[in-house]
Amino acid sequence: MNQIGYTGDGQNQWYPFMDRSAPSTVDGVLQNPAVVPVRDADPLPEGARFVVVGAGIHGLSSAYHLAMELERSGKGKGSDVVLIDKAGPGAGATGLACGCVRNFYMTGALHAILRASVEVWESDPINFGFQQVGYVSIGEENQAEDYARLHASQNESGYPSDLYTGTDAHRFLKGLWPDFKTGNCDVVLHEHRSGYAGTHIVMWGLDQKCRQWGVRRVYGTAVTGYQMDGGSVAAVETTSGTIRCDQVVVGAGAWTPQHWTWLGGPSNLDVHYPDGHVEAGKDLWTYWRLLEGEVYLPSGVDYRTADGKDAPVLHVELMNTPVYGDDGEMIQDHVYTYTRYAAERVGAPGLQGGTIPIPIGSAAEVEPYGHLNDLYQADDWFPEYYCKTLGMLFERFEGLEPFYKQRRNGGIGAFTADNVPIFDFVADNAWVIADSNHGFKMIGVGKLTAQLLVHDDMPFELKPFGFDRYASGGTFGDRNSNCPWV
Ligand SMILES: Cc1cc2nc3c(=O)[nH]c(=O)nc-3n(C[C@H](O)[C@H](O)[C@H](O)COP(=O)(O)OP(=O)(O)OC[C@H]3O[C@@H](n4cnc5c(N)ncnc54)[C@H](O)[C@@H]3O)c2cc1C
18 MNQIGYTGDG QNQWYPFMDR SAPSTVDGVL QNPAVVPVRD ADPLPEGARF VVVGAGIHGL
78 SSAYHLAMEL ERSGKGKGSD VVLIDKAGPG AGATGLACGC VRNFYMTGAL HAILRASVEV
138 WESDPINFGF QQVGYVSIGE ENQAEDYARL HASQNESGYP SDLYTGTDAH RFLKGLWPDF
198 KTGNCDVVLH EHRSGYAGTH IVMWGLDQKC RQWGVRRVYG TAVTGYQMDG GSVAAVETTS
258 GTIRCDQVVV GAGAWTPQHW TWLGGPSNLD VHYPDGHVEA GKDLWTYWRL LEGEVYLPSG
318 VDYRTADGKD APVLHVELMN TPVYGDDGEM IQDHVYTYTR YAAERVGAPG LQGGTIPIPI
378 GSAAEVEPYG HLNDLYQADD WFPEYYCKTL GMLFERFEGL EPFYKQRRNG GIGAFTADNV
438 PIFDFVADNA WVIADSNHGF KMIGVGKLTA QLLVHDDMPF ELKPFGFDRY ASGGTFGDRN
498 SNCPWV
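Just so we're aligned: 341 in the numbering used here is position 324 of the sequence shown, and the numbers increase by one with no gaps anywhere.
Written out as structure tokens, the structure reads:
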């Protein structure tokens, strides 16, 4: 494979931490580095009560909340928790994510997960880089009923949102952005507690919190397998030796299928749906590649509201509205775009966003990960598509194409059989957080995990996401959208 070098294409890929390490290689394959400097990692101890695998959003949040809960409840010490990552914080999807924090899901059970998560984001917005600007989703008439259902469910879950339709929707959008082109925008949902977070900042903040609560952070050590004793993990095998443990938490992002298999989980299964139909022998994991990118804002153009505030994150799905290129050819037969202000990411005033990911199949090259992998970069049509959708929606964003930030973009994720997270034990003492690539925003799952593991108390928010839903007919998947994330 033709791999890029550290500064190979002349782009500022390793921002914003000037001393972020350059990628190293393992067996000749580039390793995606941590997005924060890693200087004070701990050695691998011989044993620990809790071993958390993966220092992405879920592993770091779990380790931090476990340590804090052990200390506060008197049931243990922060140092009972060992966090292992083969690189360091943010070396997986978390370091690349767009950072959108929203509750726009047609799967109602997720609304409580997001309510629990936004409470964590709100608990320290500065050190998590959380900008609570709100989230505005827009659809056509064909999604109006879905929006109404979603709005009711969100509000029942303690996640306030407003719903607007028809001329009310247009008035609301024009009030926010007077140059907004409201044609085809039939229904609008405004989530107040949502927003976006700087991906690198939250990695830094969570890593520091782990440190403060005494978590032993073992970075630059890869897990190579699990020693099983009956149905339980007795020890975790790593490149730095073996560590005995009472309990494992896996937050391994796109690497989850590998850990799941090591832990004895099945890779395909019969999937039973609520309407009684069954899909036999379905793959549990499907990899998808993401289409995302960034665009600078030209001088004099901003992404602010009419009253000068940082604008809400915007999500627009117009399933019946095609997008055309400058040559008059249709790029896609629908609009699907999400966008947020992203100066901290772009390195200048700018926007970051994306569109619907593309399925790869049940196998994918996970190494090298992210921007380092030549196979899964955003397609050539994406920059024009993204800029055109913005120009279709805002007068101020017409003609943004020359300002697109040309650099590597993308990343892959492991999605589950119904594209909804699995939060469950795969072995008696191995808890897996498989977020189906939804989960940068789901920072609260680590807190719920701590409640479960420290107090042996299964939070109601996690209950619907057990693996047994596929056998019992509780499989999710009832969504009226082109996108597996909705
Ligand atoms: C381009 C892109 C944009 C996205 N945008 C958003 C968004 O806007 N909002 C949102 O909510 N979600 C978004 N997502 C999804 C979200 O980023 C992921 O769902 C989430 O970050 C996954 O977190 P994680 O902790 O499970 O995994 P990761 O962040 O991938 O972390 C897993 C960690 O495990 C480590 N690891 C793996 N295997 C081993 C091993 N054997 N030994 C030791 N360490 C190991 C890796 O080094 C890595 O650091 C996006 C994803 C991508 C790729």
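Just so it is clear, CB atoms sit at the ideal spot from N, CA and C, and this is done for glycine as well.
What you are looking at is a predicted structure, and each value in this text was computed from that prediction instead of being measured.
Give the list of continuous beta strand (DSSP E) stretches no shorter than 3 residues that lie fully inside the stretch 191–225.
204–208, 212–214
Can you grab the Cα-Cα spacing for the pair residue 196 / residue 410, in whole Å?
8 Å
To which residues of the same chain is residue 386 closer than 6 Å at the C-beta, ignoring the five residues directly before and after it?
49
For residue 283, count neighbouring Cβ atoms within 10 angstroms of its own Cβ and tell me buried if that reaches 16, exposed if not.
exposed
Going by DSSP in three states, residue 18 sits in which element: helix, strand or coil?
With a pLDDT of only 27 at residue 18, under 50, the local geometry of the prediction cannot be trusted, and no value is derived from it.
What does residue 2 pair with, by DSSP beta-bridge criteria?
A question about residue 2 goes unanswered here, because the residues of the chain that appear run from 18 up to 503.
Straight-line Cα distance separating residue 58 from residue 135
29 Å
Using a C-beta cutoff of 8 Å, does residue 443 count as contacting chain B?
Note that chain B does not occur in the displayed structure, where there is just one protein chain.
Output the boundary residues of the beta strand (DSSP E) element that contains residue 303.
303–313
Could you give the residue range of the beta strand (DSSP E) that holds residue 433?
That residue, residue 433, is in no beta strand (DSSP E); it is neither H nor E in DSSP.
DSSP state of residue 448, grouped into three classes?
strand
Residue span of the alpha helix (DSSP H) that contains residue 471, given as start and end:
461–472
In the DSSP assignment, what are the bridge partners of residue 357?
369
For residue 64, which residues in the same chain have their Cβ closer than 7 Å to its Cβ, ignoring the five residues on either side in sequence?
260, 261, 262
Who are the Cβ neighbours of residue 425 in its own chain at under 6 Å, not counting the five residues just before and after it?
388, 394
Member of 328, 116, 310, 461 whose CA lies at the smallest distance from the CA of residue 440:
461
What residues match up with residue 378 in a beta bridge as DSSP calls it?
304
Taking the CB atoms as reference points, tell me whether residue 86 and residue 471 lie closer together than 8 Å.
yes
Would you report the Cα separation of residue 314 and residue 151, rounded to the nearest angstrom?
21 Å
Measuring from the CB of residue 411, is there a heavy atom of ligand 1 at a distance below 7 Å?
no
Excluding five sequence neighbours on each side, which residues of the same chain lie with their C-beta closer than 6 Å to the C-beta of residue 318?
413
Across the stretch 151–168 and the stretch 202–216, are there enough close Cβ pairs to call them in contact, namely three or more that are closer than 8 Å?
yes
Supposed close pair residue 392, residue 404 - CB separation, criterion 8 Å:
In fact, because the Cβ distance is near 24 Å, the residues do not count as touching under 8 Å.
Since residue 133 contacts residue 465 with CB under 8 Å, what's their CB separation in whole angstroms?
6 Å
For the beta strand (DSSP E) that residue 244 lies in, which residues bound it at each end?
240–246
Rounded to the nearest angstrom, how far is the Cβ of residue 102 from that of residue 67, given a contact under 8 Å?
Incorrect: roughly 15 Å between the Cβ atoms, too far for contact.
Other residues of its chain near residue 170: CB distance less than 8 Å, five sequence neighbours each side excluded
125, 128
Among the residues of its own chain, which have a CB less than 7 Å from the CB of residue 301, if the five just before and after it don't count?
283, 284, 285, 286, 433, 434
Where do the ends of the alpha helix (DSSP H) carrying residue 88 lie?
74–90
DSSP state of residue 227, grouped into three classes?
helix
Excluding the 5 residues flanking residue 22 on each side, which residues of the same chain have their C-beta closer than 6 Å to its C-beta?
Reliability of the predicted coordinates at residue 22 is poor, the pLDDT of 32 falling under 50, and no value is obtained from them.
Alpha carbons only, please: which of 380, 115, 47, 257 is nearest the one belonging to residue 363?
115
Enclosing alpha helix (DSSP H) for residue 163 [first to last residue]:
161–173
Mind checking which residues open and close the alpha helix (DSSP H) that includes residue 130?
127–140
Nearest by alpha-carbon distance to residue 327: which of 358, 349, 237 is it?
358
So what does residue 441 bridge to, in DSSP terms?
449
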